[in-house]
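Below: one structure, written as structure tokens.
Protein chains: 2
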Amino acid sequence: MLHAVLMIGGSGTRFWPLSRKKTPKYLIPIVGEKSMLEQTVERIAPLVPPERILCITSKEMAPAVRRALPALPAKNVVGEPMGRDSATCVALGAVIVYSRDPEAVMLCMPGDSLVGDAGKFRAAVLAGEDIAEMNKLVTFGIRPAGPETRFGYIHRGRLIPGDEGPKVYQVNRFVEKPDLATAEHMVRSGDYYWNSGNFMWRADVILKELARHAPDLHAAMERIRPALGTRQCAAVIRKEYEGLKRISIDYAVMEKAEDVAVVEAEFDWDDVGSWTALERHCAKDAAGNAVAGQVFTLDATGCVVQTDERHLVAALGLKDVVIVHTPDATLVCPKDRANDVKKLVEELERKGLTKYS
Amino acid sequence: MLHAVLMIGGSGTRFWPLSRKKTPKYLIPIVGEKSMLEQTVERIAPLVPPERILCITSKEMAPAVRRALPALPAKNVVGEPMGRDSATCVALGAVIVYSRDPEAVMLCMPGDSLVGDAGKFRAAVLAGEDIAEMNKLVTFGIRPAGPETRFGYIHRGRLIPGDEGPKVYQVNRFVEKPDLATAEHMVRSGDYYWNSGNFMWRADVILKELARHAPDLHAAMERIRPALGTRQCAAVIRKEYEGLKRISIDYAVMEKAEDVAVVEAEFDWDDVGSWTALERHCAKDAAGNAVAGQVFTLDATGCVVQTDERHLVAALGLKDVVIVHTPDATLVCPKDRANDVKKLVEELERKGLTKYS
């Protein structure tokens with residue numbers, strides 16, 4: 042049966058000051074009325090009922106995630122004692138899902154991406170499920186909108202023939218986040234996809250791959266497995282996590298595995314990585330400003346301005362500037378520095394202004 | 042005896058959102074701990090006691106001005122029923138002062154300028170008083186810091202010999218707000234001053250000049266004079282004001298009068314005309330940002346950032362940008378558009394956002 046494992050990590054500091062340590066990106070409605078996490082769960086709900094949706098997040102955020110997703114059984118929100126990157130998260134998800142359903146196919150996905158057409162997303166998942174049942178590792182490839190350097194890329198190989206629906210290819214290789222020239226080359230070739238960070242596989246298959254390519258990690262999960270559902274579970278997980286290194290699923294498994302497929306996404310996808318993402322998803326005024334809340338612009342173009350309905354933000358004579366107002370903090374920066382908001386928040390913390398971070 | 046007439050007008054919309062219709066520029070502490078108006082009164086206090094300080098403001102603002110200056114007798118704050126520009130304001134001040142003291146010398150000054158050295162300002166006033174007693178009209182000339190086009194200029198003539206102290210010259214002519222080329226020429230010549238909008242004269246002398254150059258205005262004041270101190274006073278002033286045209290003292294009298302002197306200011310003077318004025322008077326951080334309140338900057342230079350101590354404003358990667366945060370409204374604009382904040386506020390009103398204007 043199909044299970045979903047939501048990998049809910051990251052602080053989303055690039056969305057400061059709307060996102061904070063205690064209200065990360067996935068818990069806030071950055072685009073749309075609902076939080077990114079709620080949107081993710083709604084997207085898969087027609088395929089996966091709540092009892093088969095597993096959320097893996099940090100121990101600190103687990104209570105907030107449970108509150109955000111009240112339809113999920115509380116035990117389906119698991120808090121990691123510390124961050125050990127995506128391979129560890131996938132491994133923990135796999136051992137839990139496998140213990141519940143040895144025949145399970147797992148859809149692993151981040152909890153904070155944006156998908157344009159949920160129907161097409163589900164069609165891709167169903168196509169991926171067929172391929173996963175062939176014991177392959179499945180990825181979802183996004184046709185590049187440009188030579189983006191903040192994503193990994195997937196080089197596709199031969200077409201895997203199938204029914205009507207999304208095209209599926211064998212994967213030749215994974216490419217880590219490239220430099221601009223490499224990215225431009227890959228985009229021109231037409232044979233590369235952005236790696237969306239969504240994966241699919243049988244739980245038993247990924248556990249075998251982990252045993253082969255990341256034996257220490259697999260061994261730790263084997264020690265966790267008997268504790269699952271017992272009162273010692275959290276303590277055992279903590280003990281094992283303490284001994285593990287941070288390792289990504291791409292590095293631990295995907296780049297080494299032999300039989301990987303890529304489903305070509307027919308849906309729009311966005312990782313909503315920084316404030317400039319709002320331009321792609323929000324309503325714009327006549328001058329091309331993406332605005333939300335009580336915003337007043339005069340001679341401003343290409344700006345991203347966000348406030349609530351009571352506090353007026355007036356942008357005069359600005360070009361390509363991000364302004365985000367929240368009750369206790371306001372950010373102003375040029376659009377081309379939006380990725381450095383993360384750095385700004387780190388500096389804030391370093392200077393002791395933690396009440397705002 | 043020396044009297045002061047403070048001409049307290051203008052909404053100071055260029056300091057929006059800190060200044061508002063109900064709290065104009067002169068009532069707020071833009072530079073320093075006290076409001077511009079309080080600073081003005083403190084500056085002249087050693088020369089002019091409260092009972093000889095007359096404030097002329099709008100009818101709407103008179104109560105707030107009385108509250109801001111509790112040491113002044115309430116009758117010394119006069120509210121004009123409508124704005125009729127500086128000549129009308131001077132004329133009303135002159136007729137009131139003359140009715141109290143026919144020998145009075147009047148120092149007319151705006152209530153919202155900044156003076157660097159109050160002692161030197163008072164020295165200039167004392168020099169001006171001697172000249173005013175010679176039945177001359179007296180202006181105060183500021184040595185131009187640059188070819189500013191938003192001020193009128195004063196062309197000085199021969200030196201009027203006198204005691205030690207500020208130099209005093211006969212005035213050749215007044216120049217209205219010039220274009221840039223004319224301003225540059227005047228600044229290079231060294232014979233021109235900025236017109237600071239401070240004036241000094243005997244009350245009887247300015248009334249005679251008004252009778253000669255602005256007879257309608259003078260006649261209106263002659264009809265107001267017998268009503269002064271009576272219960273009909275406000276009604277009479279309203280009736281007369283309704284019939285008057287808007288006219289500035291420069292246009293009505295100064296440009297036409299034959300015997301005008303200029304006292305060369307040895308004090309720093311600033312009309313604090315827009316947010317960029319803060320750069321000249323506020324503390325700056327290491328990167329040259331003029332900041333006040335809970336401000337955090339990263340890679341920002343030449344910015345003017347103003348907030349309170351609780352609300353954080355973070356400026357990332359900005360150059361020469363003004364950011365002003367207040368509890369219900371925030372302004373962001375490039376420094377070179379700071380003068381257009383006035384226009385922004387007009388647009389706000391036009392769009393019905395009057396709760397913020």
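Sequences listed follow chains V and D, in order.
Taking the numbering used here, the leading residue of the first sequence gets 42, the next gets one more, and so forth.
Taking the numbering used here, the leading residue of the second sequence gets 42, the next gets one more, and so forth.
Glycine included, every Cβ here is placed at the ideal spot set by N, Cα and C.
Bear in mind that the values here come from a model prediction, so they are computed numbers and not experimental data.
Indicate whether at least one CB of chain D lies closer than 8 Å to the CB of residue i.
i	result
F56 (chain V)	no
R191 (chain V)	no
L353 (chain V)	yes
P375 (chain V)	yes
H196 (chain V)	no
H44 (chain V)	no
Compare the beta carbon distance of residue i and residue j with 8 Å and say whether it is the shorter of the two.
i	j	result
G182 (chain D)	Y234 (chain D)	yes
A293 (chain V)	A109 (chain V)	no
L353 (chain V)	D369 (chain D)	yes
V72 (chain V)	L155 (chain V)	yes
V382 (chain D)	L357 (chain V)	yes
R287 (chain D)	D153 (chain D)	no
I97 (chain V)	L269 (chain V)	no
V332 (chain D)	K376 (chain D)	no
V362 (chain D)	V363 (chain V)	no
K66 (chain V)	G51 (chain V)	yes
A298 (chain D)	E250 (chain D)	yes
G203 (chain V)	A252 (chain V)	no
A112 (chain D)	P91 (chain D)	yes
Shorter than 8 Å from the beta carbon of residue i to some beta carbon of chain V?
i	result
D381 (chain D)	yes
G358 (chain D)	yes
R61 (chain D)	no
D369 (chain D)	yes
L372 (chain D)	yes
V362 (chain D)	yes
L339 (chain D)	yes
R108 (chain D)	no
R243 (chain D)	no
R378 (chain D)	yes
H322 (chain D)	no
H366 (chain D)	yes
Using a Cβ-Cβ cutoff of less than 6 Å, which residues in the same chain neighbour residue i once the five nearest sequence positions on both sides are dropped?
i	result
N239 (chain V)	M150 and F181
A103 (chain D)	V118 and G120
A224 (chain D)	P188 and T190
I290 (chain D)	S127, A128 and V131
M227 (chain D)	Y194 and Y233
H366 (chain D)	T348, H352 and V354
V46 (chain V)	L95, G134, M147 and C149
Tell me which residues share the same chain as residue i and place their Cβ nearer than 8 Å to its Cβ, disregarding the 5 neighbours each side in the sequence.
i	result
I201 (chain V)	I172, V209, Y210, Q211 and A302
A164 (chain V)	G206, P207 and E307
V166 (chain V)	L43, I85, L88, L148 and M241
D158 (chain V)	E307, F308 and D309
A255 (chain V)	A128, A132, I288, A293 and V294
Less than 8 Å between the CB atoms is what I'm expecting for residue i and residue j, so what's the real figure, rounded?
i	j	result
M175 (chain D)	A244 (chain D)	That belief does not hold up - the Cβ atoms of M175 (chain D) and A244 (chain D) are roughly 15 Å apart, past 8 Å.
N213 (chain V)	R197 (chain V)	7 Å
F337 (chain V)	L59 (chain D)	About 16 Å; that fails the 8 Å criterion.
T371 (chain D)	T54 (chain V)	Incorrect: roughly 22 Å between the Cβ atoms, too far for contact.
L319 (chain V)	A341 (chain V)	In fact, because the Cβ distance is near 15 Å, the residues do not count as touching under 8 Å.
V313 (chain V)	W57 (chain V)	Not really, about 14 Å apart at Cβ, beyond 8 Å.
Go through its chain and collect everything with a Cβ distance to residue i's Cβ below 7 Å, but skip five positions before and after it.
i	result
P122 (chain V)	K100, I278, R279 and Y282
F192 (chain V)	K218, W235 and N236
K177 (chain V)	D300, V301 and A302
A328 (chain V)	T338, A341 and T342
Q: Mind checking the region 114-148 of chain D against chain V and listing, in chain order, the residues whose C-beta falls within less than 8 Å of any C-beta there?
A: The region 114-148 of chain D vs chain V, Cβ under 8 Å: nothing.
Q. Which of the residues in the region 382-397 of chain D, read from start to end, lie with their CB under 8 Å from any CB of chain V?
A. Hits within the stretch, in order: V382, K384, L385, E388, L389, K392, L394 and Y397.
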